[in-house]
Amino acid sequence: MRKSDFNKSLERLEEIVKILEGGDCPLEKSIELFEEGVELTKHCNKVLEKARQKIITLSEAESENNNDE
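Heads up, the sequence shown is in the numbering used here, so the first residue is 55 and it goes up one at a time.
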């Protein structure tokens, strides 16, 4: 089973956090990693928002089905 893009992004974010928290990274590399982290965070937030909207839609549809009975 292939890991989802979301999971890969989350794993990479965790790697970046560990590297940055280690404090051994040169300034320029730290800035590059931080920028990468910001982009990964944006991506993950988009995926989560899409999932949230899908859950809302499914919940509303289920609620309507229950009201029709």
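Cβ atoms here follow ideal geometry from the backbone N, Cα and C, with glycine treated the same way.
Checklist entry - Start and end of the alpha helix (DSSP H) containing SER63? => result 59-76
Next on the checklist: Could you check whether the segment 106-113 touches the segment 78-95, counting it as contact only if at least three pairs of C-beta atoms, one from each stretch, sit closer than 8 Å?
Outcome noted: no
Checklist entry - When you compare each of LEU64, SER84 and GLU65 to ILE73 by their alpha carbons, which one comes out closest? => result SER84
Next on the checklist: Tell me the rounded alpha-carbon separation between LEU102 and GLU75.
Outcome noted: 25 Å
Checklist entry - Whose C-beta lies closer than 6 Å to the C-beta of SER63 among residues of the same chain, with five residues either side of it excluded? => result LEU94, HIS97 and CYS98
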